[in-house]
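Participant: Quick one: the structure is below, questions incoming.
Numbering (this note's numbering), first residue to last: 4 to 613.
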C-alpha cells in the first residue's frame, strides 16, 4: 500500500505530495520527529469480483486484524465504514479485529477499486502499527475474523470472569485461615491478573478515567509478577524481607510514574515492563529449587508453567516494541500480533491452583490417616482404660471384702472378744457366779446375732436385719412385762445410709442399747419404737414410761447388756460415726432416745465403738 502522513478526515488527492510505498504490516516509530501526525492514510487498488458474483454469495468484505486507535474506510471515494477514534472526552483502544462489509453497489468489476483507510494515531503509542489487510468474499474472511476475535476478545472476557470468581473464593478461604499464606497469594494473583486482562475487554473509557485505568493496568501487571515471585519464595521456604519490600516498591514505580507524568507511559511500558522479566526468572529459579527439595513430579508443574509464562512475556514484549513489522524469525507469526502472555498466565494460574489443590488433597489424606491413627490409638486407649477399670473394680471389690473382714474382726475383737476375755478373767478370779455367767453369755449371743444379721453377705438387707431384731426383742420385752409398739415407716426404696452393712450394724446397736437401758432402768409399761424418714433425714425414737426402776437380775437375764458398757456415751459415739446426732431426754413421764441421721451417708469411719 501507499502511506501518507496527513490528519485530514477525507481522503487526500491522488497527486498529493508525500505518498510513498510501504509493505504491510507497517510499523512506524513515533518517538523521533516530535509530535505525531494525528493520522496516517493508506491506499491501494484491487480488482473487484467478477460480474454477477456480488450477489448471492454474501458479498465482499474488508478484514482488519487490528486498528488500535480507530479510523475510517473509503471505497472508490465513498465512506463505507468507521471505527471510533479517540476524540473529545473519549479514549479508545481497540484490541478486537474488524470485518467491514463492502457495499456491492460501490464495487467495480470492470475496473480496479481504490481502497483508502484512515488510521488514527494516539500520542501515547511509541510505535504506530497498521496490519496486513485482506479483501475478499465475506464467507471466506468471517472464520478468520471469528477465530481472532475468540482469542483476543472472548478468551480475556472468560479469563476476567473466572479470575474474579476464583479470587473471591480463595481469598475467603485465606481470610478464615490466615496461616494459609499460599492461598492468599494465589487469590491476590488471580485478582490482579483478572484486572490486568480487562485491558482486552474494556476498549472505551472517558478521558478523565483513562490515566487512572492505565496506572491500574501497570499496577496489576507488576503486582502479578511480584506476587508470583512471593508465591515461589513461600513455596521454597525462603523468607527474604528485603525482597518483599523490593518487589512491592518496584511494582509501584511504574504506575506512580504514569500518574505523575502521563507522557512517560511509553517509556514506562518499554523500560519498566522489561524489568519484570528478571523477576520472573528469579521466580523460576525458586520454583526449580522447590523441585530439588521436594523431589515430587507434581512440583515440576509450577516451574514449567512459569517458564512458559516468562517466554510468553518475552514474546509479547518483542511484539510490542519491535519496529520490525516482519522480523526474520517467524515473520508470518509475528505479523499477526497475537499476545500470548494472558494465555500463558491462565495456564500458570491453573498450575498454581492445581498445586494448592494437590496440597489440600494431601493434607486431607494426611488428616484422614491421622484420624484413623487417632481412632486406633483411642480404641487402644479405651481398651487399656477398660482393663484398668476392670482391675480397679477388682481391687475395689477385694478392698471392700478386706474392709468387711477387718470390720468383722474389729467387731469381734472390740465387742464379743473383749466381753469374753473380760468374763474369762473374772471367772478365773472367781468373781462371777453362775447367774452372772449366764447373763454374759446371753449378751454375747445377742451381739453375735446382731452382727450376723447386719453383715450377712447373702440376705443382709436392712429390712431382713430389722425384722430379726424386732422379732427377738418382741419376745424379750413381753417376757419382762413390757408392751412394745413398733412404727416402721421406711420407703420401699431404702434410704442410702441403710445400704451399708456397717451403718446398719451401728443403727441396730444404738437401738439395742436404747432398749437395754429401758429393760434395765424403766418399769414395765409401754415401749414405743419408731423408725421413719422425714424431711430428708432418718429418725429413730425409743420411748418408755418412767419413773426408772431397778429390774431384778433374774428378770433381766434374757435381755442384752450395754454393748460397750458405757451407755449413752457409746450411743452418741456410734451416732457420730453415722454422721448423725443423738438426743436423750429424761423426765417423770419417761425417757426418749432420739437419733437423727442424714438420708445419705457421710464420708465417716464406720468402725464399731470400743
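Virtual Cβ for every residue (Gly too), placed ideally from N, Cα, C.
Give the straight-line distance between the Cα atoms of residue 23 and residue 31, rounded to the nearest whole angstrom.
Facilitator: Each residue's Cα considered, the two are about 13 Å apart.
Participant: How about residue 479 and residue 528: do their beta carbons lie closer than 8 Å?
Facilitator: No, they are not a contact pair.
Participant: Which residue marks the beginning of the alpha helix (DSSP H) containing residue 472, and which one marks its end?
Facilitator: Taken as a continuous stretch (DSSP letters only), the alpha helix (DSSP H) holding residue 472 covers 465–482.
Participant: When DSSP labels each residue in this structure, what does residue 488 get in the three-state scheme?
Facilitator: Note: residue 488 maps to strand in three-state DSSP.
Participant: Nearest to residue 288 by CA position, among 145, 318, 238, 587, is which residue?
Facilitator: The option with the nearest alpha carbon to residue 288 is 238.
Participant: Which residues does DSSP pair with residue 180 in a beta bridge?
Facilitator: Answer is none; residue 180 lacks a bridge partner.
Participant: Could you check the C-alpha separation between residue 185 and residue 310 for me, to the nearest Å?
Facilitator: Taking the straight line from one Cα to the other gives about 20 Å.
Participant: Let me confirm a value: residue 236 is counted as buried when at least 16 other C-beta atoms fall within 10 Å, else exposed. Which label applies?
Facilitator: Result: buried.
Participant: How many angstroms separate the CA atom of residue 371 from the CA atom of residue 245?
Facilitator: Their backbone Cα atoms lie some 39 Å apart in a straight line.
Participant: When you compare each of 516, 63, 82, 506 to residue 119 by their alpha carbons, which one comes out closest?
Facilitator: Ranking the options by Cα distance to residue 119, first place goes to 82.
Participant: Assuming residue 319 and residue 343 are in contact, meaning their beta carbons sit under 8 Å apart, how far apart are those beta carbons, in whole angstroms?
Facilitator: With a Cβ gap of about 6 Å, residue 319 and residue 343 count as contacting.
Participant: Taking the CB atoms as reference points, tell me whether residue 215 and residue 257 lie closer together than 8 Å.
Facilitator: Not in contact: residue 215 and residue 257 (Cβ atoms no closer than 8 Å).
Participant: By Cβ distance below 7 Å, which residues in the same chain neighbour residue 584 in space, the five residues on each side in sequence not counted?
Facilitator: Around residue 584: 578, 599.
Participant: Helix, strand or coil: which one does DSSP assign to residue 98?
Facilitator: It is coil, neither helix nor strand.
Participant: Please look up how many angstroms separate the CB atoms of residue 97 and residue 71, rounded, as I've assumed it's under 8 Å.
Facilitator: With 8 Å as the limit, residue 97 and residue 71 qualify as a contact, their Cβ atoms being about 6 Å apart.
Participant: Go through its chain and collect everything with a Cβ distance to residue 472's Cβ below 6 Å, but skip five positions before and after it.
Facilitator: For residue 472, where only same-chain residues beyond five positions count, the Cβ hits under 6 Å are 511.
Participant: Helix, strand or coil for residue 63? Go by DSSP, reduced to three states.
Facilitator: Residue 63: strand per DSSP, three-state reduction.
Participant: Could you tell me which residues DSSP pairs with residue 374 in its beta bridges?
Facilitator: The partner list for residue 374 (beta bridge, DSSP) is empty, contrary to what the question assumes.
Participant: Does residue 295 pass the burial test, meaning 16 or more other C-beta atoms within 10 Å, or should it be called exposed?
Facilitator: With fewer than 16 Cβ atoms within 10 Å of its Cβ, residue 295 is classed as exposed.
Participant: What would DSSP say about residue 441, mapped onto helix, strand or coil?
Facilitator: The answer is helix: DSSP assigns residue 441 an H, G or I state.
Participant: Beta-carbon within less than 6 Å of residue 138's beta-carbon, same chain only, minus the 5 sequence neighbours each way: which residues are those?
Facilitator: Contacts found: 49, 65.
Participant: My output table needs one value for residue 241: the three-state DSSP class, helix, strand or coil.
Facilitator: In this structure, residue 241 counts as coil in the three-state DSSP scheme.
Participant: Quick check: the Cα distance between residue 10 and residue 166, rounded to an integer number of angstroms?
Facilitator: Distance between the alpha carbons of residue 10 and residue 166 is about 41 Å.
Participant: Are the beta-carbon atoms of residue 141 and residue 45 separated by less than 8 Å?
Facilitator: It is not a contact, given that the beta carbons lie outside the stated cut-off.
Participant: Under 8 Å by Cβ, that's how I've got residue 155 and residue 99 pegged, so tell me the actual separation to the nearest angstrom.
Facilitator: With a Cβ gap of about 6 Å, residue 155 and residue 99 count as contacting.
Participant: Which residues does DSSP list as the beta-bridge partners of residue 258?
Facilitator: Paired residue(s): none; residue 258 is not in a bridge.
Participant: Along the chain, where does the alpha helix (DSSP H) that runs through residue 311 open and close?
Facilitator: 304–324 is the extent of the alpha helix (DSSP H) around residue 311.
Participant: When we look at the beta-carbon of residue 272 and count the other beta-carbons within 10 Å, is it buried (16 or more) or exposed?
Facilitator: Buried.
Participant: Assign residue 402 to one of two classes, buried (16 or more other C-beta atoms within 10 Å of its C-beta) or exposed (fewer than that).
Facilitator: Exposed: under 16 other Cβ atoms inside 10 Å.
Participant: Which residue comes first and which comes last in the beta strand (DSSP E) that contains residue 83?
Facilitator: Note, residue 83: beta strand (DSSP E), 81–86.
Participant: Quick one: Cα of residue 201 to Cα of residue 280, how far?
Facilitator: Those two C-alpha atoms are separated by around 21 Å.
Participant: Could you have a look at residue 120 and say whether DSSP puts it in helix, strand or coil?
Facilitator: Note: residue 120 maps to strand in three-state DSSP.
Participant: Can you list, in chain order, the residues of its chain whose CB lies under 7 Å from that of residue 540, leaving out five sequence neighbours each side?
Facilitator: The residues are 599, 600, 601, 602.
Participant: Just the C-alpha distance for residue 73 and residue 291, rounded to the nearest angstrom, thanks.
Facilitator: C-alpha separation (whole angstroms): 45 Å.
Participant: In the DSSP output, which residue or residues are listed as bridge partners for residue 93?
Facilitator: Answer is 209, bridged to residue 93.
Participant: Pick helix, strand or coil for residue 601, following the three-state DSSP scheme.
Facilitator: Strand, per DSSP.
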